[in-house]
Each structure stands twice: as structure tokens, then as C-alpha cells.
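K.L.:
Take a look at the following structure, please.
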Amino acid sequence: MEEGLTLNVREMFIAAMAVFNLVLWGPIGWSVRRLVNDYDQHKKIFREFMESQISDLNATKARCQSLQVDLSTMEARSHSLRNDLDDMTTRFHDLRAELPEKYVGIKRYEQQMTQIQGLFQRIMDKLEGKADKQ
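For the sequence shown, position 55 matches number 55 in my numbering, and the numbering has no gaps at all.
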């Protein structure tokens, strides 16, 4: 028998398994490695994205807290102004109650002053007329 080309059953089985592993598991292993690398890359990108979102969220949270302080300050000031307005409204109604019924407005006051000046002018004219006659 020629030696070298003959294989026993065990060697043929080992050779078949090696070919099977190369043919089947080579592409499967490559696909699995590629999927694992893609998964790791996507996981890294997602982690970076989430870290940026968390930092943006923390900045927004800090801004909201400062706005909340500003809002509470404005609310306290608003209550103070509302109380001042209520006090002024009460004082206004008290003053209106205290004023006499014959209280005159500015236009009416100006009309009365014009009328009084006219009366004084007529009196002065009459006095001058009497002085001229004498």
C-alpha cells in the first residue's frame, strides 16, 4: 500500500471536522465578531449621547432651580405690591368719603376762576369809571 494518501476513518473524520469548521464557523465567527463590534460601537455612541443628555439635563435643572428662586422672589414682591395697592385703594375710598360734595374738578375750577377774574375786571372797570367821573 501506498503510504501518504491513505487516511483511516479517524483521520478522515478529523479532516471533515476541520473543513466543516472552516467553511461553517469561519463566516459565522466573522459575523459574530462584526455584530459584537457593531454592538460595542453603538453602545459607546449611545453612552456618549446619554452623557451629553444628562449634562444638558443637569444644566437645565440648575437653570430651573435658579428660575424657581427668581419666581419665589417675584411672588413675594407681587404680594407686597398687591398689599400696597389694596392700602392705596382703601385710602382713595377714604379720601373720596372725606371730600365735600361741592368738590370741583380742574376744568370747573378754571371756569370759576375765569368767571371770578371777569367779575373783578368789571368791578375794576366800574371803579375806574367812577374815578374818571370825579
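Idealized CB from N, CA, C, for every residue including glycine.
Using a Cβ-Cβ cutoff of less than 6 Å, which residues in the same chain neighbour L85 once the five nearest sequence positions on both sides are dropped?
P.N.:
Answer for L85: no residue qualifies.
K.L.:
Could you give the DSSP three-state label for G129: helix, strand or coil?
P.N.:
Helix at G129.
K.L.:
Take T114 and list the residues in its own chain whose beta-carbon comes closer than 7 Å to its own, dropping the five residues that flank it on each side.
P.N.:
Closer than 7 Å at Cβ, skipping near neighbours: no residue.
K.L.:
Hey, how far is the Cα of F120 from the Cα of E128?
P.N.:
Their backbone Cα atoms lie some 12 Å apart in a straight line.
K.L.:
Can you check the stretch 56-124 for any alpha helix (DSSP H) of at least 4 residues that lies completely inside it and give the ranges in chain order?
P.N.:
Correct list: empty.
K.L.:
Three-state secondary structure (DSSP) at Q7?
P.N.:
A quick correction: the sequence has Leu, not Gln, at residue 7. Note: L7 maps to coil in three-state DSSP.
K.L.:
For D125, which residues from the same chain have a beta carbon less than 7 Å from its beta carbon, with the 5 sequence-adjacent residues on both sides left out?
P.N.:
So no residue of the chain qualifies.
K.L.:
Rounded to whole angstroms, what's the CA-CA distance from D38 to M17? Just pull it up for me.
P.N.:
Their Cα atoms are separated by approximately 30 Å.
K.L.:
To the nearest angstrom, how far is the alpha carbon of P27 from that of L7?
P.N.:
Looking at the two C-alpha atoms, the distance is approximately 28 Å.
K.L.:
I116 to R122, Cα distance in whole Å?
P.N.:
Approximately 10 Å, taken between the alpha carbons.
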